[in-house]
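Sequential numbering of the sequence shown, starting at -7, is according to my numbering. The beta carbon of each residue, even a glycine, is placed where N, CA and C say it ideally should be.
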Amino acid sequence: MSNLPLSADLIADANARELFALDEDYDALGRKLERTGIDIDAIKTRVAGFSLAVPSWGAGRGGTRFAKFPIAGEPANVHEKLADCAVINQLSRVTPRVSPHFPWDKVSDYAALREEAASMGLGFDAVNSNTFQDQPGQAHSYNTGSLSSTVEATRQQAVEHNIECIEIGQQLGSTDLTVWVGDGTNFPGQQDFARSLDRYLDAAAQVYAALPGEWRMLLEHKMFEPAFYSTVISDWGSSILAAQQLGPKAKCLVDLGHHAPNVNIEQIVARLHRFGKLGGFHFNDSKYGDDDLDSGSINPHQLFLVFNELVEAELNPRANDEGGFNPSYMIDQSHNVTDPIESMLSSAEAITQCYAKALLVDREALHAAQDSNDTMMAFQALRRAYNVDVAPILAKARMEAGGAIDVLGTYRQSQWRPRKAQERKAVGLGAGIV
Ligand SMILES: [Mn+2]
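So, in structure tokens, the structure goes:
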């Protein structure tokens, strides 16, 4: 049974007003691309095949260490979050999966939750475990860390929670477990770097051993926060070493905000792929640190360069990349000053645009320039693609899939948030990074 949140007529009516201009823009771009030997319809088909997941927690307003400012009509539970995610997918047609977080999204009947999501056109992506905060009634505190805690019972509790997440994920149709731990230190000498990593690897191996056949374990590194002196899985180096030790089903997940300032993330992407360990992405943007700002809002060129590596990787799969090159793409942002639906609509568009631009790169010209050391022409091969306004390609692909040409305009016309403000219970005040 279909239970889509917005009326198809609303989208069709909005599209009817935009269609003439879109056709003009699409045809003009098609003629421009044709002059360089690119078939716009072929690019549109690739774009139509692209998808990414949205995080269930991203549907609510985020916050900072200082405060959170809720908005009226914000989702208060997993069912309302799913409805908001369904709005995003219905308009954008590029976010058909939701990545849940446990225990935040716990329910008593996961088969029913899966059906509920499916009725709104959604499936489930990677399940995320949470061992970075204590829950009411929890036996052992994570104040000493989780998978790397010095307390054996705490490590065991963290292992069991991850295994429970896998079991929930199986019921939801997921095949990935994303593991990020907040473990680390705030003081030199607080813990021994080697022994804490040993404890992490030992506990992570117990989680790894519980992975069902097709499942992957995605290790998310983060350089700092909440620990500010050291973290156990601090960078892509620690991450790939851990993934290599755990086994072929362990891969690295790159969150764009989890690196030292000015790090060349696109090169990290290429390195991880070279060794068959690129498992997934958390897309966001940042100015200073792990800011969790909207994807492409600060540095869209970096996002393009990351996708340039991803398209290279697609064309150049590695033998040890079991099951082919299939990274899990997900938005991971904190929406502190915007309607989260609008932020995710805008971000999904920014991410897909970078993918489309990367598809436009003349790879033959790029590789020839690289091989002949023609630096300027190699750079120009990227620059030419980056400078193309690909918006008409995305809009056309979206419209043909039943989505909206103007996603934000149509969302505002739907009055979704004002309507939900009448129906939903208010969420509480509070602080908290998500
Ligand atoms: Mn992340």
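Glutamine 237 counts as exposed, since fewer than 16 other beta carbons sit within 10 angstroms of its beta carbon. The beta carbons of serine 289 and phenylalanine 275 sit about 11 Å from each other, so the pair does not count as a contact at 8 Å.
Counting only runs of 3 or more residues that sit fully inside the region 245 to 300, the beta strand (DSSP E) segments are 270 to 275, in chain order. Here the residues close to ligand 1, judged by CB distance below 5 Å to any of its heavy atoms, are Asp247, His274, Asp324 in chain order.
For methionine 209, the three-state secondary structure derived from DSSP is strand. Judged by DSSP secondary structure, valine 119 falls outside any alpha helix (DSSP H) and instead within the beta strand (DSSP E) spanning 119 to 121.
A distance below 8 Å separates the beta carbons of glycine 281 and glycine 249. Across the structure, alanine 383 and aspartate 190 are spaced so that their CA atoms are roughly 48 Å apart. Taking C-beta atoms as the reference points, isoleucine 397 and asparagine 7 count as a pair closer than 8 Å. Excluding its 5 nearest sequence neighbours in each direction, aspartate 126 has C-beta neighbours in its own chain below 8 Å: Ser133, Tyr134, Asn135, listed in chain order. Taking the Cβ atoms as the reference, glycine 65 lies roughly 4 Å from alanine 413, within the contact range of under 8 Å.
Around the beta-carbon of valine 99, fewer than 16 other beta-carbon atoms lie within 10 Å, marking it exposed. Secondary structure note for alanine 131: it is in no alpha helix (DSSP H), with a DSSP letter that is neither H nor E. Linking glycine 420 to aspartate 331 through their CA atoms gives a straight-line distance of about 16 Å. Around the beta carbon of alanine 235, a 10 Å sphere encloses 16 or more other beta carbons of the protein chains shown; the residue is thus reported as buried. Between valine 261 and valine 224, the C-beta spacing is not below 8 Å.
The region 17 to 31 and the region 337 to 347 do not touch, with fewer than three beta-carbon pairs separated by less than 8 Å.
Judged by DSSP in its simplified three-state form, glycine 22 adopts helix.
Following the DSSP letters along the chain, one finds alanine 348 inside the alpha helix (DSSP H) bounded by residues 332 to 352. Secondary structure in the region 213 to 243: the alpha helix (DSSP H) runs of 4 residues or longer, each lying completely within the stretch, are 228 to 238 in chain order.
Residue pairing by DSSP leaves histidine 71 without any beta bridge partner. The C-alpha of alanine 45 is placed about 14 Å away from the C-alpha of glycine 271.
Asparagine -5 and histidine 359 have their C-alpha atoms roughly 48 Å apart. Taken through DSSP and simplified to helix, strand or coil, asparagine 135 comes out as strand.
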